[in-house]
Amino acid sequence: MISGIRQCSRHLGRFHPLGSYVGMRRRWMSSSMESLSDDERLELEKDIKMFAQKPQKQVKLEDLMAFKQPVEDAALLRNGEEVLHDIAVRLAHRLDALRYLDYLIVLNPSISQIYSLYYNSFRVMRSTDPPNTVEENAKFVQVLDHLVESHSNTIPVLAKGFYEARRYISTTDSAKFLDTHLRARIGTRLIASHHIALTNPIGDNFIGTVQMNCRPSFVLNESAAFVGDICDMKYGTVPQLVIDQGADIEIPYVPVHMEYVFTELLKNSFRAVVENGTHNIPVQATIIRTGQGVMVRIRDRGGGIPPPMEKEIFGFAFSTFDEGEGDGFSTLNSPPGGGGSSIAGLGYGLPLSRAYAEFFGGKLQVQTYHGWGTDVYVTLRSPFYANKL
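Each residue of the sequence shown is one higher than the last, beginning at 115 in my numbering.
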């Protein structure tokens with residue numbers, strides 16, 4: 115039986131093979147800018163300007179959970195109309211931001227590729243009518259599926275582009291742009307995937323992409339197994355994870371978001387204890403219920419982070435990976451929808467983890483003790499418990 119987290123991951127695209135991505139992207143990109151007439155281009159430019167001036171709607175966990183089960187057709191169609199509008203707004207904002215980059219940066223082939231993808235995605239959204247029937251909604255879901263799939267590899271491509279163009283943009287400006295872009299990508303992807311999952315339910319315990327009984331302990335164990343396999347391939351040893359408290363705690367949450375955060379943190383912890391020679395000491399996870407959800411502490415005895423590096427761990431240019439790192443651990447840096455692509459050495463893991471943790475109002479904090487180890491505290495906010503307590 116496929117677990118709920120993997121079912122949800124499939125809706126978000128993480129487990130699609132790269133070959134599927136390539137084929138889908140080619141079909142999505144076949145409607146290129148060059149095929150536009152002058153009038154069509156002018157009209158599209160007006161739309162981009164208009165939608166870029168509209169505010170982006172915040173994605174709240176409460177709103178995702180607001181649908182009664184089973185979802186009525188009328189509610190589904192209303193949501194489809196809202197999703198179409200909200201995604202167009204988000205795409206226009208990102209196009210506007212890309213256009214404000216320095217000309218030499220936009221000329222970079224990777225960043226130019228991302229711009230073209232967003233441009234054509236916006237064009238598709240604007241040429242799609244809101245669904246008025248169940249049959250039309252089914253076709254709209256196919257459009258959303260294509261959107262999610264075509265954008266599944268954008269982060270590694272963007273990472274490559276900014277790394278190559280780093281001489282033309284300051285570290286501060288680069289970090290600000292990337293942070294905004296990656297957080298926007300989380301929201302756009304979730305909006306689309308949620309409507310897909312409302313139309314084609316993942317399971318009885320899901321409302322769209324939200325698993326109503328998501329256990330952090332289960333996600334931690336699945337992430338540990340995944341990271342452990344990579345550790346075994348690279349180092350020939352598998353560190354252990356021990357959950358010492360809170361194994362039975364459940365909250366409504368998007369499990370794929372939780373999975374990415376835990377996988378990245380365990381990747382860091384497992385690697386640290388192996389290279390520190392303390393892999394015989396289990397990595398500890400403690401889960402406690404709070405007034406707004408849960409807090410998870412992940413503790414390792416991996417020697418901690420050297421003081422000169424401590425201030426840089428959430429910077430997008432920071433990574434402890436050496437150049438030439440194999441594809442083993444590099445795959446762990448891929449966010450949901452990344453298709454397992456490599457962005458090792460480009461330092462996206464921890465800032466992305468923090469972005470996912472903060473997306474619904476949570477936090478990710480690091481306390482490190484050089485020569486001993488590191489504690490990471492992940493606070494996940496869930497309105498179910500905030501309203502219940």
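Ideal placement from N, C-alpha and C gives every residue a C-beta, glycine not left out.
Pull up the CB-CB distance for Ser467 and Val387, whole angstroms please, since I reckon it's below 8 Å.
Not quite, the Cβ-Cβ distance comes to about 18 Å (not below 8 Å), so this is no contact.
Quickly, what does DSSP pair Thr488 with across the bridge? List them, please.
Paired residue(s): Asp414 and Thr482.
Alpha helix (DSSP H) segment containing Gln62, residue limits:
The shown model of the chain, from 115 to 503, leaves out residue 62, and the question about it has no answer.
Is the Cβ-Cβ distance between Val480 and Val490 less than 7 Å?
Yes, the Cβ-Cβ distance between Val480 and Val490 is below 7 Å.
Any idea what DSSP makes of Val173, helix, strand or coil?
Coil.
DSSP state of Lys425, grouped into three classes?
Of the three classes helix, strand and coil, the one that applies to Lys425 here is coil, per DSSP.
Which of the three DSSP states, helix, strand or coil, is assigned to Asn327?
The DSSP-derived three-state label of Asn327 is strand.
Burial state of Ser144 (16 or more Cβ within 10 Å):
Legend: pLDDT at Ser144 = 43, less than 50; position of this residue unreliable, value from coordinates given subsequently. Counting C-beta atoms within 10 angstroms of its own C-beta, Ser144 has fewer than 16 neighbours from the protein chains shown and is therefore classed as exposed.
How is Val262 classed by DSSP in three states: helix, strand or coil?
The answer is helix: DSSP assigns Val262 an H, G or I state.
What are the partner residues of Gly407, as DSSP defines its beta bridges?
For Gly407, which the question treats as bridged, DSSP gives the partners Thr404 and Arg495.
Which first and last residues belong to the alpha helix (DSSP H) in which Ile300 is found?
Run containing Ile300: Thr285 to Thr313, per the alpha helix (DSSP H) assignment.
In the DSSP assignment, the beta strand (DSSP E) including Leu355 goes from what residue to what residue?
Taken as a continuous stretch (DSSP letters only), the beta strand (DSSP E) holding Leu355 covers Leu355 to Gln359.
Considering only C-alpha positions, which residue in the set Lys182, Ile162, Val185 and Asp243 is nearest to Leu205?
If we check each option's Cα against that of Leu205, Ile162 comes out closest.
Does the pairing of the region 387-402 with the region 413-424 give three or more beta-carbon distances under 8 Å?
Yes, since at least three Cβ pairs between the region 387-402 and the region 413-424 fall closer than 8 Å, the two stretches touch.
Between the region 263-281 and the region 220-227, are three or more C-beta pairs nearer than 8 Å?
The region 263-281 makes contact with the region 220-227; the number of CB pairs closer than 8 Å reaches 3 or more.
Spatial neighbours of Pro245 within its chain, please: C-beta separation below 6 Å, excluding the five flanking residues on both sides.
The residues are Leu191, Gly194, Asn251 and Phe254.
Test item: CB-CB of Ala338 and Leu380 under 7 Å
With respect to Leu380, Ala338 sits close: the two C-beta atoms are nearer than 7 Å.
Rounded to whole angstroms, what's the CA-CA distance from Gly322 to Trp486? Just pull it up for me.
Gly322 and Trp486: Cα-Cα distance of roughly 42 Å.
Test item: CB-CB of Val197 and His309 under 7 Å:
Yes, the Cβ-Cβ distance between Val197 and His309 is below 7 Å.
Over what stretch of residues does the beta strand (DSSP E) that includes Pro366 continue unbroken?
Per DSSP, Pro366 belongs to the beta strand (DSSP E) from Ile365 to Tyr367.
Would you kindly report the start and end of the unbroken alpha helix (DSSP H) that includes Tyr470?
It spans Gly463 to Glu472 - the alpha helix (DSSP H) in which Tyr470 sits, taken as one unbroken run.
Provide the residue span of the alpha helix (DSSP H) that contains Glu186, from first to last.
Unbroken run through Glu186: none, as it is neither H nor E.
Burial state of Ile402, where buried means 16 or more other Cβ atoms lie within 10 Å:
In this structure Ile402 is exposed. Its beta-carbon is surrounded by fewer than 16 other beta-carbon atoms within 10 angstroms.
For Ala399, three-class secondary structure by DSSP:
The three-state secondary structure of Ala399, taken from DSSP, is strand.
Residue nearest to Phe384 in terms of C-alpha spacing, selected from Leu212, Phe236 and Ile344:
Of Leu212, Phe236 and Ile344, the residue nearest in Cα terms is Ile344.
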